[in-house]
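So the structure is just underneath, and the comments pick up after that.
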Amino acid sequence: MTTTSTASKAQLRLASLSAQLDASAQDPVSSVLDTSIPPVKLRSDALSVILDGKDQTWRKWMFDQLKHPLFEYQYNVPKEELVTRNQERTRHLAKLGFRPTWTEPKENIDKNKYFQIQDAMSYFDNGLSTLNGAHFGLYYGSIRELGSEAIQNKWLPLADTFEVPGCFALTELGHGSNPRGIETEAHWDIKEGCYIINTPTITAQKYWIGAAAETAYMSVVWAQLYVPSPQDPTRLDHKGIHAFLIPIRDLTTRDPLPGVTIRNCGSKSGLNGVDNGRLWFDRVRVPRHMCLDKYGGVNERGEYESIFGDNKDQRFGGQLVNLSEGRVGLSISSDNISKTALTIAIRYGRTRRQFGARGVDELETLIMDYKLHQRRLYPLLAQTYAQHFAARAIASLRDSNDKSDLKLLKQFHVVSSGLKSLHTWHLLDTLQATREACGGQGLKSSNRIGQLKADCDVMATYEGDNQVMLITVAKGCISDYTPTHIPALSTFTPSLFTSQHFSDSTLLSPKFQLDLFQHHIYASAQRLHKAINSSRTQAKAAGTPNIGLDKILDTHSALSQEFARAVIEHYILSEFIAQEKASSSNGTSPLTLVRQLHALWKLDMDQNLIRRRYLDEPVQERIRDLVGGLLHRVHENVEALVDAWGVPDHLLGPIARDWVQANVADGSEDI
Numbered sequence: 076m077t078t079t080s081t082a083s084k085a086q087l088r089l090a091s092l093s094a095q096l097d098a099s100a101q102d103p104v105s106s107v108l109d110t111s112i113p114p115v116k117l118r119s120d121a122l123s124v125i126l127d128g129k130d131q132t133w134r135k136w137m138f139d140q141l142k143h144p145l146f147e148y149q150y151n152v153p154k155e156e157l158v159t160r161n162q163e164r165t166r167h168l169a170k171l172g173f174r175p176t177w178t179e180p181k182e183n184i185d186k187n188k189y190f191q192i193q194d195a196m197s198y199f200d201n202g203l204s205t206l207n208g209a210h211f212g213l214y215y216g217s218i219r220e221l222g223s224e225a226i227q228n229k230w231l232p233l234a235d236t237f238e239v240p241g242c243f244a245l246t247e248l249g250h251g252s253n254p255r256g257i258e259t260e261a262h263w264d265i266k267e268g269c270y271i272i273n274t275p276t277i278t279a280q281k282y283w284i285g286a287a288a289e290t291a292y293m294s295v296v297w298a299q300l301y302v303p304s305p306q307d308p309t310r311l312d313h314k315g316i317h318a319f320l321i322p323i324r325d326l327t328t329r330d331p332l333p334g335v336t337i338r339n340c341g342s343k344s345g346l347n348g349v350d351n352g353r354l355w356f357d358r359v360r361v362p363r364h365m366c367l368d369k370y371g372g373v374n375e376r377g378e379y380e381s382i383f384g385d386n387k388d389q390r391f392g393g394q395l396v397n398l399s400e401g402r403v404g405l406s407i408s409s410d411n412i413s414k415t416a417l418t419i420a421i422r423y424g425r426t427r428r429q430f431g432a433r434g435v436d437e438l439e440t441l442i443m444d445y446k447l448h449q450r451r452l453y454p455l456l457a458q459t460y461a462q463h464f465a466a467r468a469i470a471s472l473r474d475s476n477d478k479s480d481l482k483l484l485k486q487f488h489v490v491s492s493g494l495k496s497l498h499t500w501h502l503l504d505t506l507q508a509t510r511e512a513c514g515g516q517g518l519k520s521s522n523r524i525g526q527l528k529a530d531c532d533v534m535a536t537y538e539g540d541n542q543v544m545l546i547t548v549a550k551g552c553i554s555d556y557t558p559t560h561i562p563a564l565s566t567f568t569p570s571l572f573t574s575q576h577f578s579d580s581t582l583l584s585p586k587f588q589l590d591l592f593q594h595h596i597y598a599s600a601q602r603l604h605k606a607i608n609s610s611r612t613q614a615k616a617a618g619t620p621n622i623g624l625d626k627i628l629d630t631h632s633a634l635s636q637e638f639a640r641a642v643i644e645h646y647i648l649s650e651f652i653a654q655e656k657a658s659s660s661n662g663t664s665p666l667t668l669v670r671q672l673h674a675l676w677k678l679d680m681d682q683n684l685i686r687r688r689y690l691d692e693p694v695q696e697r698i699r700d701l702v703g704g705l706l707h708r709v710h711e712n713v714e715a716l717v718d719a720w721g722v723p724d725h726l727l728g729p730i731a732r733d734w735v736q737a738n739v740a741d742g743s744e745d746i
């Protein structure tokens, strides 16, 4: 075969592929459509307003900033270079004023502006988001919420510009999800009038501290505080964990300060743009005023005092409210990364063809036209829509939250913990599904999904292991689901829905769906209460009546997790329905189709809901049929649904655009 003929065939093949890309994505689908699902025509601009509001000025502004050469995606580069690049990016953003500064009066802060900016940034890179979360969220936030005015006035302006970066040192080699159990010690030295911070064991070393290995000069260090007893100075009183602002590096030489040892955690399977470090403290002396003592500390008279008295639980909850706020950020970031991955995979699926051609001149079938592909991706799209509104709702609660209202603090902590778990798990499921949906192209770094998988896997465990977070939800909620608080539970029967026959309009209605989700909460709460009471009865008979709720919930972890999931899934659906009603005009809402798919897909696929048999088999089968019809209607509108997310092209991989042209051999390929 001659070189000319080979080149000619290659050109013909390229022309054929280009024609496929230009062909309509609305090929006819040979299937019987369920007439119970009426056709609907969705518009991306209307959906965009519902999702992100009419005024998206600052969102678009931030997306434009991410076109700067500094934000060009790079692959196959050393982790040290990635860390340096993220430091440069953060300084650049700080100069642009991408967040409110300490000197900006709170009453003048445009919360919507900064929310849009932070929201847009989370689409870019999880490493940059994590670095910003460690410095501006946890380190900066701890000083802002817990530090004295003098501390704030000195250190926050330096943090605003990223001139003096900081880190948040809570987790240790031996303790992650259980911060109450950390081993680092802080002793009040009466003679010297200062705190002494010490790492007493190998497992007490601070571990996985974001920005500690190379970036941070300062650290908010958490330690167990011991103070001499007023009654007997030779005896130590334990006051629980407290935070201390500690310099860890020399501002000029960048060397670790005396008594501080810093090491890198090493290469990771992902997120190498963040320099995770290890910290040890060898009897480091910390001035009294460097304790972040809003909720407790040693006063000028050398006496320990706290606004919560001896209530360590309340003090602990108030001190770590920033972790709950961080979980809100994680939920929003997870949803935005899910939107990015789904945009890439669905756009690729609407231009990539495979199988179905009867002859050489016939176009093959678009892979997005296959029902199999739709079932893989569209339920994830629907859940991403649902979670979007839940995350926005808890963010609003955060912004309006009165931190002195303990009831609201509890609600915020419980819901943010549950959303963090479900949203990050959904992200990991979405990344795996979209990676597979793109075939080998999903592995290519420049197409983003493979890199996102590596960088986002950690989100299921940082700022709280997801399984543990759900136990937190169960513990925080179970006492609210009793006949005392909810009279309907006194006559509740789990078989309420069994053997009832429902019309299609009922199955598709928000009332039926929300009622069934509520029913699942009541039923799972009833089962968990029964298990708790049984465990307490057995413990009492065995002579151990003081068994703790944590131990009982762990013993019945399957029931605990089922209950917690039910509570959070109901919250997500209820917020989705609330937004559907708010966006309704003349009795119809652009969100109805997606809400119907989200809820019915859960009823069709959730093993807990199926196993409990709230619905009889014919109804369950009918739900599956309706899901098929909903998938078809979503397919007809998927371009609008995806475009409404507004992920800009420069944050998407080549396969979301002209993937044929992107693979022309021009010498610019990745090495």
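Residue numbers (this note's numbering): 76 to 746. C-beta atoms are modelled at their ideal positions from N, C-alpha and C, and glycine is treated no differently.
Residue i, DSSP secondary structure in three states
i                 : result
arginine 390      : helix
glutamate 437     : coil
leucine 726       : helix
glycine 525       : helix
aspartate 200     : coil
tryptophan 177    : coil
phenylalanine 577 : coil
alanine 98        : Bear in mind that a pLDDT of 47 at alanine 98, under 50, signals an unreliable position, so the model cannot answer this.
leucine 311       : strand
tyrosine 150      : coil
glycine 285       : strand
tyrosine 646      : helix
isoleucine 561    : coil
isoleucine 323    : coil
proline 569       : helix
proline 331       : strand
arginine 688      : coil
tyrosine 460      : helix
phenylalanine 380 : Checking the displayed sequence, the identity of residue 380 turns out to be glutamate instead of phenylalanine. Correct three-state label for glutamate 380: strand.
arginine 118      : coil
aspartate 305     : The sequence as given places proline at residue 305; aspartate does not occur at that position. Coil, per DSSP.
arginine 473      : helix
glutamine 593     : helix
alanine 511       : It should be noted that the sequence gives glutamate, not alanine, for residue 511. It is helical.
asparagine 253    : coil
isoleucine 112    : coil
Those residues which DSSP pairs with residue i across a bridge
i              : result
serine 660     : Thr663
alanine 298    : His317
arginine 166   : Paired residues: none, contrary to the question.
methionine 293 : Gly241, Pro322
arginine 428   : Leu441
Where the alpha helix (DSSP H) containing residue i begins and where it ends
i              : result
tyrosine 423   : 396-424
isoleucine 748 : Any answer about residue 748 is impossible in this case: the structure gives the chain only from 76 up to 746.
valine 739     : From DSSP, valine 739 is part of no alpha helix (DSSP H); its letter is neither H nor E.
asparagine 183 : It is not in any alpha helix (DSSP H) - asparagine 183 carries neither H nor E in the DSSP assignment.
glycine 515    : Segment: none, glycine 515 is in no alpha helix (DSSP H) and carries neither H nor E.
isoleucine 546 : 541-552
Residue i, enclosing beta strand (DSSP E) - first and last residue
i              : result
cysteine 269   : 269-273
tryptophan 136 : Taken as a continuous stretch (DSSP letters only), tryptophan 136 belongs to no beta strand (DSSP E), being part of the alpha helix (DSSP H) at 132-140.
valine 335     : 335-339
tryptophan 263 : 260-264
Presumed contact (8 Å Cβ cut-off) between residue i and residue j, rounded CB distance
i              : j                 : result
proline 585    : arginine 670      : 7 Å
leucine 248    : threonine 290     : So it is not a contact: roughly 21 Å between Cβ atoms.
alanine 461    : phenylalanine 638 : That belief does not hold up - the Cβ atoms of alanine 461 and phenylalanine 638 are roughly 20 Å apart, past 8 Å.
proline 729    : serine 521        : 6 Å
arginine 174   : tyrosine 189      : 6 Å
isoleucine 323 : tyrosine 292      : 7 Å
glycine 315    : leucine 300       : 7 Å
leucine 221    : glutamine 449     : That pair is no contact at about 49 Å.
leucine 455    : leucine 483       : Incorrect: roughly 32 Å between the Cβ atoms, too far for contact.
alanine 286    : isoleucine 272    : With 8 Å as the limit, alanine 286 and isoleucine 272 do not qualify as a contact, their Cβ atoms being about 19 Å apart.
message: Give the list of continuous alpha helix (DSSP H) stretches no shorter than 4 residues that lie fully inside the stretch 209-248.
response: List check, alpha helix (DSSP H) in window: 215-221, 224-235.
field: Any beta strand (DSSP E) of 3 or more consecutive residues that is wholly inside the stretch 345-373
entry: 351-356, 359-362, all fully within the stretch 345-373.
task: Starting from the N-terminal side, write out each stretch of the alpha helix (DSSP H) that is 4 residues or longer and does not extend beyond the stretch 598-634.
output: With a minimum length of 4 residues, the continuous alpha helix (DSSP H) runs that stay inside the stretch 598-634 are 624-630.
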